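Going left to right, the sequence shown walks through residues 29 to 200 as our numbering numbers them. Here the structure comes first, spelled out in structure tokens, and everything after it is commentary.
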Amino acid sequence: MTDPVPAPAARASALAESYPHADRVPAALQGPDSSLDGLRILVTGLGVSGFPVAAHLGERGAAVTLVDGDTRRDESERIRILEVFDVDVRRGPQHVEALPEPRDGGRFDLVVTSPGWRPDSPVLAGARAAGIPVIGEVELAWRVRGANSAPWLVVTGTNGKTTTTTMLASML
């Protein structure tokens, strides 16, 4: 019988295959006060995590492009907020069929994605092929947290996250 949970080395190998350039994340993403001026960052999705990620990065001076293939939801309020931070919002399926270019040309320094985006999506596959680091929004939050920020408890997995999180909260 094979073990349903891959060994740590196998999990690390699978992660490295999905995001092989994550170790090349720009050094500017180290702490809450670092300047992001001039960094070109692509954010995938205008949803629960993509919106605040794009706003945070734009507020800190990064040149942010956000792509979202779904145009069914009215996101006009979120888009107006992102425009305040000069975020280039591109909606529609044509914007997620391949890795886009930043509005000023060149190439992206980083892609920030969320769990809702498959690693083999054209945007993320294009980033990997171009050697652009791809990280998740949780890793971004970890990298920009303050030196004296609160300790983190992280819960992940397929089943039981809400129950576990509720139990942890009641213990604190």
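Even for Gly, the Cβ is constructed at its ideal location relative to N, Cα and C. Owing to the predicted nature of the structure, the values given are computational and were not obtained by experimental measurement.
My assumption, with CB atoms under 8 angstroms, is that residue i sits in contact with residue j. Please give the rounded CB distance.
i	j	result
Leu168	Val81	6 angstroms
Leu110	Ala91	Actually they do not touch by this definition, with Cβ atoms about 13 angstroms apart.
Thr99	Arg119	5 angstroms
Ile160	Leu138	7 angstroms
Leu94	Val115	6 angstroms
Val124	Pro150	7 angstroms
Val183	Thr194	Val183 to Thr194, Cβ: 10 angstroms. No contact.
Gly212	Val172	What the structure shows of the chain is the stretch from 29 to 200, and residue 212 is not part of that stretch, so it cannot be assessed.
Gly89	Asp65	4 angstroms
Ala55	Ser63	Rounded, the Cβ-Cβ distance is 11 angstroms, inconsistent with contact.
Relative to the C-alpha of residue i, which candidate in the options has its C-alpha closest?
i	options	result
Phe113	Pro60, Pro161, Gln58, Leu85	Leu85
Pro179	Asn187, Gly185, Trp170	Trp170
Phe136	Trp145, Arg156, Gly120	Arg156
Asp148	Glu165, Gly133, Leu127	Leu127
Arg108	Ile69, Gly59, Phe79, Ala55	Phe79
Val140	Ala158, Gly73, Ala56	Gly73
Met121	Asp96, Ile69, Met195	First, the residue type needs correcting, since residue 121 is Pro and not Met in the sequence shown. Ranking the options by Cα distance to Pro121, first place goes to Asp96.
Gly164	Asp61, Asp65, Leu70	Leu70
For the beta strand (DSSP E) containing residue i, name the first residue and the last one.
i	result
Arg52	No beta strand (DSSP E) contains Arg52, which DSSP labels as neither H nor E.
Leu152	Per DSSP, Leu152 belongs to no beta strand (DSSP E); it is in the alpha helix (DSSP H), 150 to 157.
Val162	162 to 164
By the three-class DSSP mapping on this structure, what secondary structure does residue i have?
i	result
Val117	strand
Val140	strand
Val71	strand
Ala10	Here the chain comprises residues numbered 29 to 200, so residue 10 is not present and cannot be evaluated.
Val92	strand
Val183	coil
Glu111	helix
By the DSSP assignment, the alpha helix (DSSP H) with residue i in it spans what residues?
i	result
Thr193	189 to 199
Gly86	78 to 87
Based on the DSSP secondary-structure assignment, which residues constitute the bridge partners of residue i?
i	result
Arg106	Answer by DSSP bridge pairing: none, since Arg106 is not bridged.
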